[in-house]
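Visitor: Chains as they are written, first to last, in numbering that gives the first Met the number 0: chain A, 0 to 580; chain B, 0 to 395.
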Amino acid sequence: MTGSKLRSFFGGRNGGQAISPQEISKVAPTRDERLFLVLSIFIGVISGLLVVSFQVAIDWIKILTLGSAPHAGQYRLLFVPAIAGLLVAAMVLWFFPAARGSGVNQTKAAFYIYNGYISFRTVVGKFITSALALGAGQSLGPEDPSLQIGAGVASIIARKLGLSKQKLRVFAPIGAAAGLAAAFNAPISAILFVIEEVIGQWSASVLGSIVLAAISSVVVERRFMGAEPRFRIPAVTLRDNRELVAYAILGVIGGVIAFGFSQALGYLRPKLRAMPRWTHYLQPAVAGLLVGVFGFFGFPQVMGVGYEIMDQAMHGQFAWKFLFALAIFKLIATTLSFSSGTPGGMFAPTMFIGAMLGAGVGSFEKIFFPHLAGTVGSYALVGMGVLFAGFLRAPLTSVFMVLELSGNYSIILPVILANTIAYLIGRALQPVPIFEVFTHQDGLDLPSLEEQREETPLHIEDAVQPLSVPVVRGVDTIAQVSSAVAEARVSAFLIQMPDTSWYAMTVDELTAAGAALTPETPVEKAVKADRVPMLFPDLPLDSTLPCFPRWPLLPVLNRASRGTLEGIITLNGVLKRYQSV
Amino acid sequence: MDVFEVHPPLTAEERAEKRKLIVRDFIALFTLTLITVMIGVLTYFLFASFARHRDVLARRWRAVGERELSRGHPDQAINALRSALQYAPGQRDLEVELAMALAADNRDLEATAYFNSLLETQPGNGMIHLQLARLAAKQGNAELAEEHYQRALDGTWVRNGYLERLSVRLELAGYLISRKDYGRAQTELRTASSNALNMPEKQIEIAGLMEQAQDPTDALEIYRAQMRHRGSSIEAYVGAGRTAYALGQIELANQALERAVSRPDFANLSDADRKYVDQLLSDSGRILELYPDPNLSVRARAERIANDINIARARLTACFASANASGEMADLQGQWQKIPARLSVRMLERDPQLEQTTMSLVYETEEQTAQVCGAPTGDDALLLKIAQAPQAVQQQ
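Structure (structure tokens):
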């Protein structure tokens with residue numbers, strides 16, 4: 000099938016010349032909703048396939064370049080990452096500039112700034128450059144690129160089908176969840192991460208599609224890779240409650256290391272970016288060379304993605320001193336690789352460092368307090384979550400990630416304890432989350448999702464005022480009402496209609512009614528057809544704002560007894576409440 | 000969207016547009032399906048080729064690891080086995096081999112951590128407990144070593160559990176012997192012996208360990224039992240001779256050793272072993288020549304005693320003259336002076352009481368001179384051997 004035919008099948012950009020989005024919304028107003036769910040499955044399946052190909056490509060490149068068993072002392076460890084760094088830098092700078100970096104911020108930017116637009120070139124570039132960099136030993140992870148590849152697939156499909164701008168925008172996070180779910184082999188964590196870090200809020204309208212896409216991609220990924228979790232999880236136990244002390248210490252260490260990691264990246268990345276452009280061609284190569292030096296001189300484990308090393312650490316294959324050394328060298332290697340602009344993600348290195356720290360603490364405890372320590376694997380798992388919470392600052396995802404990977408809820412207490420400590424320490428030491436730091440360094444201004452999470456939205460009850468206007472019944476005569484209003488000296492008042500609905504009338508309206516009708520006429524005959532909306536104290540305060548152009552004040556009702564007034568709110572009162580925040 | 004929302008009826012042109020849109024969406028979804036299938040097929044072939052290559056790599060590195068381990072290069076085996084595990088994660092036997100390679104490379108902490116971790120997934124695995132016991136023993140943690148040995152005995156074994164447990168028990172006994180805990184070692188060996196009734200080779204091994212555990216009596220029992228078996232090995236005869244000799248049962252030792260040297264497989268023993276057996280046979284034979292056997296004729300017995308007296312007297316004289324032994328041996332000298340200087344065979348023949356007294360003096364002389372003047376050699380040494388258990392010499 001030729002490109003032009005394909006374009007015509009998909010209707011070209013934004014629906015092509017045939018039908019404009021406005022026309023589509025007129026002739027088929029429910030089309031987008033119907034396509035939405037079907038396309039979510041397609042996005043999930045294609046993302047899953049691409050992520051599997053991406054991971055296989057990384058493994059193939061690794062075997063072809065570093066050999067099937069890279070170990071210290073091999074000279075290829077020195078030059079392969081450096082040469083690959085040169086190639087990757089050239090490709091990024093000449094052909095795929097948007098492939099630089101992890102992919103999370105780019106997806107967020109697509110969602111918030113570019114109406115969900117991620118180009119086909121970016122997807123291709125991310126796939127090729129990340130696979131080459133990771134396969135050749137750069138210390139980065141495949142999850143964030145997978146997230147961006149998924150988001151890109153979703154964006155391309157939504158564009159080609161000519162969906163509305165609003166739908167186009169939300170497709171990027173759907174694809175992101177699908178890509179991440181396939182990379183993680185953990186759909187719940189992926190969904191939570193996208194909600195926690197990309198969208199920033201729970202939205203029922205996209206949740207269904209996100210779940211559908213994530214599940215579809217994981218089904219595809221498991222069809223190839225097997226249903227087993229990413230890591231072989233050993234028996235996870237909490238043997239003794241005193242172990243919680245060790246987990247708390249792990250949380251503290253994780254929080255401090257997360258801070259150090261953030262500081263290192265926050266310092267080095269802008270420094271390297273500010274250097275002359277010609278150095279950008281060399282930076283990934285130099286980073287690759289330094290990572291290769293670590294590998295050559297005894298730490299080949301820090302090269303590449305490192306899933307198998309995490310697995311080995313989880314199964315107690317390393318001594319505690321070596322585990323701590325691996326954590327430190329991985330931190331340095333990742334800082335170098337990422338700051339140099341090499342495409343690749345932060346998830347795997349974060350989990351790697353956390354797993355090494357956790358396994359180190361577990362192994363140490365096993366030697367010095369043998370009857371206290373549970374399994375080393377438990378500590379490694381909790382360690383992963385700790386760094387995730389402290390460094391990436393996704394506390395909810397960090398907890399569910401560990402639970403989903405281990406499939407064991409008995410570990411929840413240590414996970415929550417350690418993750419909370421790491422998160423709080425990370426926040427206290429580094430108030431701005433790392434992805435936001437990168438955003439600012441890139442000159443973008445995306446919403447701070449951590450702040451959004453912690454914002455307390457105002458509710459009507461926060462602005463409700465005691466009843467200070469007359470409340471009359473609809474059957475009362477205009478004369479009676481006029482007398483009550485004159486006595487109260489107010490500009491508006493409330494009328495309770497016989498059908499229990501409410502009407503807020505201004506004095507002007509009453510005066511006009513008095514001129515047109517007799518004084519004995521019930522006031523209900525003078526009101527217009529509409530009624531004030533039913534407002535309750537727990538509703539969001541901003542939901543009242545659209546009502547004020549029409550109504551001078553709004554009654555707040557009791558949910559248990561609609562006839563009972565809780566008070567009233569006025570535009571002035573609402574504005575004052577917002578100003579006092 | 001409100002389901003009751005009323006839309007104005009579509010014009011004929013709009014209806015045509017809608018039909019066109021439906022057709023276009025259908026074609027788009029169909030094309031998307033084709034693209035999905037195409038990507039799926041490509042992914043399948045990419046993945047399948049990688050999976051095949053991964054299996055090949057796993058097998059190749061495993062073979063390298065096992066070869067290096069058998070060649071005594073555990074450091075290289077570790078790298079190879081780690082690589083094999085990378086391509087075949089979760090293979091239990093590979094993991095165990097890697098842990099054993101770590102232990103062989105003296106990376107005890109790593110090996111212990113790894114075995115502990117393997118144990119967590121298979122808590123009752125006898126083989127892993129055995130490896131942990133060996134590591135603990137190597138690290139001098141006797142309590143932990145014995146605990147793991149015990150758990151290895153109680154644990155599960157994949158194949159030949161009966162034989163594996165027997166081997167573990169023997170290893171535990173060996174460990175206890177090395178710690179000079181002979182009592183517990185003997186207990187384990189007795190249990191092992193009763194568990195290995197129809198296993199001649201194991202019985203020989205157990206008997207050897209019993210000798211090391213200072214239990215030659217039980218060891219001799221086992222060797223003798225094995226000698227009675229058809230097709231018994233040379234080790235049974237040599238062991239019986241050795242242990243019988245150690246117990247002073249010289250006649251029995253002599254018989255066993257004679258049978259040993261007459262066996263065709265005697266030639267299969269090492270030179271040192273053959274020399275040892277020959278020496279033991281010669282000594283036992285000479286002891287039997289020196290021993291005043293009650294079953295001999297009166298004359299022959301008297302002659303032997305006279306000969307023994309001469310040997311002991313010479314030993315005493317030499318010892319007395321050699322060192323400052325006069326004070327310590329004055330009493331013994333006094334006893335010899337009570338013996339007639341010209342003691343004849345005839346006198347001994349006539350007086351059984353004299354025979355007994357003089358032989359007692361011979362034994363006492365050999366024992367005391369050994370203490371004062373050092374270990375004797377030649378016939379003196381053999382007389383001393385008899386002196387340690389005269390009644391045992393002909394004991395069967």
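Ideal Cβ positions, reconstructed from N, Cα and C, are used throughout, including at glycine.
Given that A/W93 touches chain B, what residues does it touch there, using C-beta distances under 7 Å?
Guide: The contacting residues do not exist; A/W93 stays about 26 Å from chain B at best.
Visitor: So B/P351 is in the alpha helix (DSSP H); what residue range does that whole segment cover?
Guide: Looking at the DSSP string, the run of the alpha helix (DSSP H) that includes B/P351 is P351 to C372.
Visitor: Residues of chain A with CB under 8 Å from B/P88, in chain order?
Guide: Those within 8 Å of B/P88 in chain A are R231, E307 and D310.
Visitor: Can we say the stretch 174-190 of chain A touches the stretch 144-157 of chain A, given the rule of at least three CB pairs closer than 8 Å?
Guide: Cβ pair count under 8 Å is three or more, so yes.
Visitor: Which residues in the same chain have their Cβ closer than 7 Å to the Cβ of A/Y378, if we skip the five residues on either side of it in sequence?
Guide: So the qualifying residues of the chain are L249, G357, A358, V360 and G361.
Visitor: Taking a cut of 9 Å between CB atoms, which residues from the stretch 70-84 of chain B lie near chain A?
Guide: Answer set for the stretch 70-84 of chain B: N78, A79, R81, S82, A83 and L84.
Visitor: On the CB-based measure, 16 or more other CB atoms within 10 Å of its CB, does B/A320 come out buried or exposed?
Guide: Flag for B/A320 reads exposed.
Visitor: Does the Cβ of A/Q165 lie closer than 7 Å to at least one heavy atom of the ligand HEM?
Guide: Ligands are entirely absent from the displayed structure, and the ligand HEM is therefore not among its contents.
Visitor: Which residues, in order along the stretch 51-63 of chain A, keep a beta-carbon less than 8 Å from a beta-carbon of chain B?
Guide: Those would be V51, S52, V55, A56, D58, W59 and I62, in chain order.
Visitor: For the putative contact between A/L412 and A/I232, defined by C-beta atoms under 8 Å, what is the C-beta separation to the nearest angstrom?
Guide: Actually they are not in contact, since the Cβ atoms of A/L412 and A/I232 sit about 17 Å apart, beyond 8 Å.
Visitor: Given a threshold of 16 other Cβ atoms within 10 Å of its Cβ, counted over all protein chains shown, does B/Q336 qualify as buried or as exposed?
Guide: So B/Q336 ends up on the exposed side.
Visitor: For the stretch 262-274 of chain B, enumerate the residues whose C-beta is nearer than 8 Å to any C-beta of chain A, in chain order.
Guide: The stretch 262-274 of chain B vs chain A, Cβ under 8 Å: nothing.
Visitor: Roughly how many angstroms separate the alpha carbons of B/I308 and B/T357, rounded to a whole number?
Guide: Roughly 7 Å between the two C-alpha positions.
Visitor: Buried or exposed for B/V22, please, with buried defined as at least 16 other CB atoms from any protein chain shown within 10 angstroms of its CB.
Guide: Label assigned to B/V22: exposed.
Visitor: Once you ignore the five residues that flank B/Y290 on each side, which residues in its own chain have a CB closer than 6 Å to its CB?
Guide: I385 and V392.
Visitor: Residues in its own chain within less than 7 Å of B/E210 by CB, not counting five upstream and five downstream?
Guide: Around B/E210: A218 and T242.
Visitor: Between the C-alpha atoms of B/Y437 and B/S281, what's the straight-line distance to the nearest angstrom?
Guide: For chain B, the structure presents residues 0 to 395; residue 437 of chain B sits outside this window and is missing.
Visitor: Shorter than 8 Å from the beta carbon of B/A27 to some beta carbon of chain A?
Guide: Cβ-Cβ to chain A under 8 Å: yes for B/A27.
Visitor: Counting Cβ pairs, one atom from each stretch, are 3 or more of them under 8 Å apart for the stretch 270-286 of chain A and the stretch 302-321 of chain A?
Guide: With the cut-off at 8 Å, the stretch 270-286 of chain A and the stretch 302-321 of chain A do not touch.
Visitor: Among A/A185, A/N114, A/A528 and A/A213, which residue has its Cα nearest to the Cα of A/Q165?
Guide: Per the Cα distances, A/N114.
Visitor: Would you say B/T42 reaches chain A, if we count a Cβ-Cβ gap shorter than 8 Å as a contact?
Guide: So, interface residue.
Visitor: Going by alpha carbons, who is nearest to A/E196 out of A/V103, A/A354, A/A71 and A/I424?
Guide: Comparing Cα-Cα distances from A/E196 to each of A/V103, A/A354, A/A71 and A/I424, the minimum goes to A/V103.
Visitor: Helix, strand or coil: how does DSSP classify A/E565 here?
Guide: In the structure shown, A/E565 sits in a strand (DSSP, three-state: E or B).
Visitor: Comparing C-alpha positions only, which one of A/G344, A/L49, A/G178 and A/S118 sits nearest to B/V36?
Guide: Considering only alpha carbons, the answer is A/L49.
Visitor: Residues in its own chain within less than 7 Å of A/Q105 by CB, not counting five upstream and five downstream?
Guide: Excluding residues within five positions, the ones whose Cβ falls inside 7 Å are A97 and Q147.
Visitor: Mind checking the stretch 246-264 of chain A against chain B and listing, in chain order, the residues whose C-beta falls within less than 9 Å of any C-beta there?
Guide: Going along the stretch 246-264 of chain A in chain order, one finds no residue with a Cβ nearer than 9 Å to chain B.
Visitor: What's the C-alpha gap between A/A182 and B/R106?
Guide: Between A/A182 and B/R106, the C-alpha separation is close to 35 Å.
Visitor: Quickly, what does DSSP pair B/G173 with across the bridge? List them, please.
Guide: None, per the DSSP bridge assignment.
Visitor: Is it buried or exposed, B/D153, if we count other Cβ atoms within 10 angstroms and call 16 or more buried?
Guide: Classification of B/D153: exposed, given that the 10 Å Cβ count is below 16.
Visitor: Using 8 Å as the limit for Cβ to Cβ distance, is A/S362 near chain B?
Guide: Taking Cβ atoms only, chain B reaches closer than 8 Å to A/S362, which makes this a yes.
Visitor: To the nearest angstrom, how far is it from the Cα of A/V526 to the Cα of A/R158?
Guide: Each residue's alpha carbon lies about 49 Å from the other.
Visitor: Within the same chain, show all residues whose beta-carbon is closer than 8 Å to that of A/A68, passing over the 5 residues directly before and after it, in chain order.
Guide: Excluding sequence neighbours, A/A68 sits near nothing in its chain.
Visitor: Spatial neighbours of B/A388 within its chain, please: C-beta separation below 7 Å, excluding the five flanking residues on both sides.
Guide: These residues qualify, in order along the chain: G247.
Visitor: Count the CB pairs spanning the stretch 514-523 of chain A and the stretch 461-470 of chain A that are closer than 8 Å, and state whether there are at least three.
Guide: No, they do not touch.
Visitor: Rounded to the nearest angstrom, what separates B/Q395 and B/E250 at their Cα positions?
Guide: One C-alpha to the other measures close to 8 Å.
Visitor: Please classify A/F9 as buried or exposed, where buried requires at least 16 neighbouring CB atoms within 10 angstroms.
Guide: The pLDDT assigned to A/F9 is 46, lower than 50, so where the model puts this residue is not dependable, and the model offers no usable value.
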